[in-house]
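A.B. asks: Chains A and B are the protein sequences, given in the same order. Take the first sequence: its position 90, counting from 1, is numbered 90 in the numbering used here, and each next residue is one higher. Take any residue in the second sequence, count from 1 to its spot, add 1000: that is its number in the numbering used here. For every residue, glycine included, the Cβ atom is placed at its ideal position computed from N, Cα and C. If you're wondering where the values come from, they're calculated on a predicted model, not measured in any experiment.
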Amino acid sequence: MFLNLWPEKMPSQWRLSLLMGLIVGSSIALTIFFVRAAVNQDLRRADQAIILDDLVEYAAIYTHSGVDGVQDVFPAGQHAESNGMRILDGNSAILYELIPEAMQHYPWPQKSPVELHKRGDTHQSEVTLNEAPYHFTLGAIRLHDGNILWFGRSSVEAERYLSNIQNHLWLAGIMAGLVAMLPVLWYSYDVINPIKAFTASAKRLHLPEGVVRLIAPTAIPELKTLASVINAGLDQILSLTRELQSTNDQLAHELRTPLARIRGNLEALHNHTDSPLAEDAAARSLEEIDRAAQLVQSILTIRGGDHGALRLHRQATPVSDLLEKLVDLFTPAAEDRGLKLSVVPGLDLMLNVDRELLTQAVANILDNALAYTPKGGVIIVHWHGEGTGAVICVDDSGPGVHPEEVHMIWERYNRGSAANSRHPGIGLGLSLVRAIATAHGGTVGVNNREGGGASFWIRLPQGV
Amino acid sequence: MNLLLVEDDPELGRQMVGWMADAGHDLQWEERGKSAIKWLKDHECDAAILDVGLPDMDGFSLVEHLRAEGLMMPVLFLTARASVADRVRGLAAGGDDYLTKPFAAEELLARLDALHRRATHAQPTQRKIGHCRLDPVKRRISSDTDTVELQPREWTLLEVLMNHEGRIMPKQFLLEQVWDIRFDPGTNVVDAMICRLRRKLEIPGCDIHIETIRGKGYVFKSLA
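1. Which runs of the alpha helix (DSSP H) fall wholly inside the segment 52–109 of chain A and span at least 4 residues, in chain order?
2. If you reduce the DSSP assignment to three classes, tell me which class Cys-1206 (chain B) lands in.
3. At which residues does the alpha helix (DSSP H) containing Arg-355 (chain A) begin and terminate?
4. So which residues on chain A does Glu-1030 (chain B) lean against when the C-beta distance must stay under 9 Å?
5. In chain B, which residues lie with their C-beta within 7 Å of the C-beta of Ala-252 (chain A)?
6. Determine the burial state of Gly-120 (chain A): buried for a count of at least 16 other Cβ atoms within 10 Å of its Cβ, exposed for fewer.
7. How long is the line joining the alpha carbons of Ser-421 (chain A) and Phe-1220 (chain B), rounded to whole angstroms?
8. Within the chosen definition, does the segment 373–390 of chain A reach the segment 1001–1008 of chain B through at least 3 CB pairs nearer than 8 Å?
9. Report the CB separation of Glu-97 (chain A) from Arg-86 (chain A) in whole angstroms; it is logged as a contact under 8 Å.
10. Suppose only complete runs of 3+ residues qualify. What are the beta strand (DSSP E) ranges in the segment 282–322 of chain A, listed by chain order?
11. Short check: CB of Ala-252 (chain A) to CB of Arg-1081 (chain B), under 8 Å?
12. Grouping DSSP H, G and I as helix and E and B as strand, with all else coil, what is Cys-1195 (chain B)?
13. Along the segment 1176–1195 of chain B, where does the CB come closer than 8 Å to a CB of chain A? Name the residues.
14. For the alpha helix (DSSP H) that contains Asp-1086 (chain B), what are its first and last residues?
15. Less than 8 Å between the beta carbons of Ile-32 (chain A) and Gln-236 (chain A), yes or no?
16. For chain A, check one thing: does any of its Cβ atoms lie closer than 8 Å to the Cβ of Ala-1021 (chain B)?
17. Residues bridged to Phe-1077 (chain B) by DSSP?
18. Using three-state DSSP, classify Asp-1135 (chain B) as helix, strand or coil.
19. So, Leu-139 (chain A) versus His-117 (chain A), is the Cβ gap smaller than 8 Å?
20. With 16 as the cutoff for other CB atoms within 10 Å, does Glu-1154 (chain B) come out buried or exposed?
21. Buried or exposed for Asp-145 (chain A), please, with buried defined as at least 16 other CB atoms from any protein chain shown within 10 angstroms of its CB.
22. With a cut-off of 8 Å, do at least 3 Cβ pairs link the segment 298–311 of chain A to the segment 1136–1152 of chain B?
23. Under 7 Å between beta-carbons, which chain B residues line up against Ile-289 (chain A)? List them in chain order, please.
24. Taking the alpha carbon of Gly-398 (chain A) as the point to measure from, which residue in A:Leu-347, A:Lys-340 and A:Gly-442 has its own alpha carbon closest?
25. Of the residues B:Leu-1091, B:Leu-1201, B:Val-1178 and B:Ala-1048, which one's Cα is nearest the Cα of Leu-1134 (chain B)?
26. Which residue wins for smallest C-alpha separation from Met-103 (chain A), given the options A:Glu-115, A:Leu-129 and A:Val-229?
27. Between which two residues does the beta strand (DSSP E) holding Gln-1015 (chain B) run?
28. Measure from the C-beta of Ala-1093 (chain B) to each C-beta in chain A and report whether the shortest distance is under 8 Å.
29. Examine the Cβ distances between the segment 1039–1054 of chain B and the segment 214–229 of chain A and report whether three or more of them are shorter than 8 Å.
30. Measure the alpha-carbon distance for Ala-260 (chain A) versus Ser-246 (chain A) and round it to whole angstroms.
31. Return the chain-ordered list of same chain residues with a C-beta closer than 6 Å to the C-beta of Arg-1087 (chain B), the five sequence neighbours on each side being excluded.
32. Does DSSP put Gln-13 (chain A) in a helix, in a strand, or in coil?
33. So, for Thr-63 (chain A): in the same chain, excluding its five sequence neighbours on each side, which residues have a beta-carbon less than 6 Å away from its beta-carbon?
34. Does the CB of Ala-1110 (chain B) have a neighbour CB from chain A at under 8 Å?
35. Hey, is Gly-1059 (chain B)'s beta-carbon within less than 8 Å of any beta-carbon in chain A?
36. Based on DSSP bridge pairs, tell me the residues matched to Ala-1068 (chain B).
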């Protein structure tokens, strides 16, 4: 429809204002057009009646008192600037004439019109001049002595009436236009503002710890209903999330306590056995138990992160500090593997994040990079600001990621084809990274770098 | 040390009684929060180990209660909940440390030791081991013939190990004390750092040894 003609991003208040303006404007224009036409017609008739009246009146005065009488009476009449008179005798000589300056450019007749045959006959004609703003109505009457009295009247007065009416109509139109803006105001306060508030709330919905609801106390009933329906859905999601959280806690408890008991007994075995074989077995089992506990924790973190049920402990964290500490931690291990690990100093950025979880996320990427980068390789950690958030990158000189696996490697239990038996693990590391980023409202990704190697990145918003 | 353990799991309680006896500590084991409060009325204790999930009250409220009573001994929480939020809550309630199940006996002992050292303002790190002189300002170790400088983290690691001489320091405890990291970073970062430290300490006349104990951790030994 014609709505398509409007710029796509034009706010709807502006659209409505334009529409209302168009409606009011065209109504005023139409009203003025028709009123003008009607009033104009009436005023012409009135002018003609006035001319006829005046002709008869001055003819009577002439009959009674001759040219002198007319000469006395006519100039005393009102609207001298719009009425003119000329009396011609039978030879078309001017007996009397009073034509105001404003009317002199009209073609005043020099002789009698032929159709006036007997006394009292009248004739009227209308003259419109292109250069004159007003039209001119001219009447003639045959006087008792055969002379002709011409009476001319310009439409100045009629136009004055008309413009007066027109001005009032415009005034009424402007008032109507203002009144027509009331729906626009209503629309923007009760419809557009609530929708904007909804949008602002909805933008924060993905934040896991957020109990954001759509609130708009001034909204129209339909929008309020929409908000309450959505809020009810959100309540349900929240209660499911809470349930998931408590299930996670419970699960952790149920698994961790027996693991603790087993661990304690294994330690007793390890400490008190005389058999080196049993001691070795116990030591291996202890390592396995610790790995299992770590695994349980990772799975719970991933589950929680992916479902927005991870409780974050956000605190203002300088990115440089966090990354430099981690690089410091991994450097000896990297050097043992013949790798060069370094951090590129960058902007001093503060993020409001769960420091421990983010540390763990970056540590997992580093762990991954150390595992897959061949000896002699280089691993570079760097970061930059993006909007109010940050992007943390770990570039390596390893085999890179197969294009088909770019998305797959973040999934639980998936390991890229570069994985081999030298690097044990069940592929939770990167899904943990993704879960932690998601819990922060961030994203993760990997690009293959030009010249080989992969660049893993975590994009994090500032945090609330 | 005189220790109080409040733990409702009989198996864990029994194990801990054994460990503490082996380590030479006196341990009073209570299964309920109320009975612990009662016991504390008549007894002194150097540190308390509290399970967070107790049948009659949770460990956090127990600490709040103790702190309100004016009992200021170090408190270590034992819990099956590993999230940071829980740990923060525990520390906010008045706890001093937080240990997640399952845990190593050495880890518990090392933490209790650290808490006790902190509470009693123990001696700072010694300056001389055998023929070695330690300079904490310059992070330098010198024997009669040789001198070696340590990186800040290497120094911190050495200090932690030295402060618990003869005790097994689990990997997780070292990660937390030295790097402030409470998860397993996967890569053998601690091993690598220990190896590097060991290599640096291989200077003539320096009798410091850091031993690795499989499945358990590292022990600092000075033969001097």
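C.D. replies: On the basis of the coordinates in this document:
1. none
2. coil
3. 355–372
4. Within 9 Å Cβ-Cβ: nothing; Glu-1030 (chain B) doesn't reach chain A, min ~18 Å.
5. Ala-1080, Arg-1081 and Ala-1082
6. exposed
7. The predicted position of Ser-421 (chain A) is uncertain, since its pLDDT is 43 and thus under 50; a value taken from the coordinates is nonetheless stated next. Computed Cα separation, rounded: 34 Å.
8. no
9. 4 Å
10. 314–318
11. yes
12. helix
13. Trp-1179, Asp-1180, Ile-1181, Arg-1182, Phe-1183, Asp-1184, Pro-1185, Gly-1186, Thr-1187, Asn-1188, Val-1189, Asp-1191, Ala-1192, Met-1193 and Cys-1195
14. 1084–1092
15. no
16. no
17. B:Leu-1050 and B:Tyr-1098
18. strand
19. According to the sequence shown, residue 139 (chain A) is Gly rather than Leu. Taking 8 Å as the Cβ cut-off, Gly-139 (chain A) and His-117 (chain A) do not qualify as a contacting pair.
20. buried
21. exposed
22. no
23. Pro-1102
24. A:Lys-340
25. B:Leu-1201
26. A:Leu-129
27. Taken as a continuous stretch (DSSP letters only), Gln-1015 (chain B) belongs to no beta strand (DSSP E), being part of the alpha helix (DSSP H) at 1010–1022.
28. no
29. no
30. 21 Å
31. Tyr-1098
32. helix
33. His-144
34. no
35. no
36. Per DSSP, none; premise fails for Ala-1068 (chain B).
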